[in-house]
Amino acid sequence: MLNFFLPIYMKGQGLTDGQIGTVFGLMSISALLLMFPLGVLSDLFPPRRLVFLGVCIFIFYSWQMLTAESYWQFFLVAPLGGLAVSTFFIVLYALFLKVINKNQVGIKIALYQSGMYLGLGIGPAIGGVLIKEGGFGALLWGVLAGGLVVLIITLKLPQTDTIRLDLGGYKRDLRQGRIILFLLLVFTYPIHFGVEQTSLTLLMKDTLDFSFTNIGLVYLMIGVWMAFLAPFAGHRFDTSQSLRALLVCGLAISGIFQILTATVSSLPSMVIVRLLHTVGDVMMILSIGVMTAAFFPEARMGGNSAVVVATRTCGVFTGNLGSGFINGALGYGYSFAISGSVLLLFVILTGGAIGRLLTVNNHSSSSP
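For the sequence shown, position 151 matches number 158 in the working numbering, and the numbering has no gaps at all.
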């Protein structure tokens, strides 16, 4: 509901494309210093309390962001967004991986991700209507109300067992040979997420002149579509026990249609291209989730999954910052063309190694 419309709000306050990219980049990178500590804390202390804290920080961040009026105000508030996201999503995902049974892990992770996709679709759709009817002031109240609902839900989250601090255990987990390639994938793939975060709404608004309602509609269709696809991808993994096809095809599909996003000229073509692009996204996001669950032991899932999220955040930051300056120099379309080309180049260079090293099965998990 909030972040997809923030670039337009920032533009309205007089920020340049480069400044917008910097603010989003800072939002992404500011969380890095706390990601691993927060992940470890979720192993040492009850995760429910940490999730509750993350939601409180997000509510305060939202209020500050939608009342900011200058670049430096946005810049100073941005780290709160990174902190809120890292506190909420790292700890929540680690809690989920701790409590699920590892049988048919693909479909379970896919259903978790379906909930995320629905939120990512429904939120902007509601946000677009709120802005149309009452401007960004109405959006602020909608976001704050939604934050309070989430705050209440966190009180019902399950509790998990805690462990003693064992930094040596985390080091052993991360020294597995396949982890280097896995983390390289986790860094490279989300670069295009950073581009989308900074540029997609602006491409639709400034270049294609979509209304706020239509922008929200695009995100709604994408979110519902991804939520629909995810369980099928999860079932595909549980049946085949192979990630190779999901990884290679996911990278290729995502890259091709990221490039084609630069060529769209109408609402129907935007919807078609982005829906096809997200077929690859569903494959990739599921694969990364399955590998995270399989490559690391449950007892230290918080700290290790935080390393994965931190690596992903570095990729998002790279896309945020790079696209901000590309947009100002060349236009929004070039950011999509370049980030899509990076995905295709990565799959060409590493496709063989991915098939050999990044293999899992329903019961593959490192020992504690």
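Idealized CB from N, CA, C, for every residue including glycine.
Here residue 131 carries a helix assignment [DSSP, helix/strand/coil]. In this structure, the CA atom of residue 84 is about 44 Å from the CA atom of residue 363.
Every alpha helix (DSSP H) stretch that sits fully inside the segment 224 to 296 and reaches 4 residues is listed by chain position as 251 to 268. For residue 342, the uninterrupted alpha helix (DSSP H) segment begins and ends at 339 to 364. Within the same chain, and ignoring the five residues on either side of residue 274 in sequence, the residues whose Cβ sits closer than 7 Å to its Cβ are 217 and 221. Between the C-alpha atoms of residue 68 and residue 344 there is a straight-line separation of about 32 Å. For residue 107, there is no enclosing alpha helix (DSSP H), as DSSP marks it with neither H nor E.
Under the 8 Å Cβ criterion, the segment 344 to 357 does not count as touching the segment 223 to 241, having fewer than three qualifying pairs.
The continuous stretches of alpha helix (DSSP H) do not include residue 38, and DSSP gives it neither H nor E. Non-local C-beta neighbours of residue 158 in its own chain, meaning closer than 8 Å and more than five positions away in sequence, comprise 59, 62, 63 and 66, ordered along the chain. Annotated three-state conformation of residue 83 is helix, per DSSP. The alpha-carbon separation between residue 268 and residue 214 amounts to approximately 12 Å. By the neighbour-count definition (other C-beta atoms within 10 Å, threshold 16), residue 108 is an exposed residue. In the pairwise beta carbon analysis, the segment 326 to 337 is classified as touching the segment 27 to 44: at least three pairs are separated by under 8 Å. Taking 8 Å as the cut-off, the beta carbon of residue 244 is found closer than this to the beta carbon of residue 293. Contact annotation: residue 101 and residue 298 have beta-carbon atoms that are not nearer than 8 Å. One thing to note: residue 280 has its Cβ no nearer than 8 Å to the Cβ of residue 236.
For residue 192, the closest C-alpha among the options 81, 353, 359 and 314 is that of 353. With respect to the 8 Å criterion, residue 117 and residue 241 are classified as neighbours on the basis of their beta carbons.
By the neighbour-count criterion, in which a residue is buried when 16 or more other Cβ atoms sit within 10 angstroms of its Cβ, residue 76 is exposed. Between residue 8 and residue 142, the beta carbon gap of about 14 Å keeps them out of contact (Cβ cut-off 8 Å). Under the three-state reduction of DSSP output, residue 196 falls in the coil class, being neither helix nor strand. Excluding five sequence positions before and after residue 360, the CB atoms of its chain that fall closer than 8 Å to its own CB belong to 188, given in chain order. Annotation: residue 211 is outside any alpha helix (DSSP H) and is labelled neither H nor E by DSSP.
For residue 115, the secondary structure class from DSSP, reduced to helix, strand or coil, is helix. DSSP places residue 14 in the uninterrupted alpha helix (DSSP H) bounded by 13 to 19. Shown here, residue 180 sits in a helix according to DSSP, grouped into three states. Contact between residue 24 and residue 334 holds, with the beta-carbon distance rounding to 4 Å and staying under 8 Å.
When 358, 367, 356 and 332 are compared, the shortest CA-CA separation from residue 22 is found for 332.
Between the C-alpha atoms of residue 366 and residue 144 there is a straight-line separation of about 49 Å. Between residue 18 and the set 260, 263, 208 and 224, the nearest pair of CA atoms involves 208. For the pair residue 227 and residue 129, the CB atoms are nearer than the 8 Å cut-off. The shortest CA-to-CA distance from residue 300 to any of 186, 260, 351 and 219 is the one to 186. In this structure, the beta-carbon distance from residue 73 to residue 147 falls below 8 Å. Rounded to whole angstroms, residue 70 and residue 81 show a C-alpha spacing of 12 Å.
Setting aside the 5 residues that flank it on each side, residue 341 is surrounded in the same chain by 333, each with a C-beta closer than 6 Å to its C-beta; the list follows chain order.
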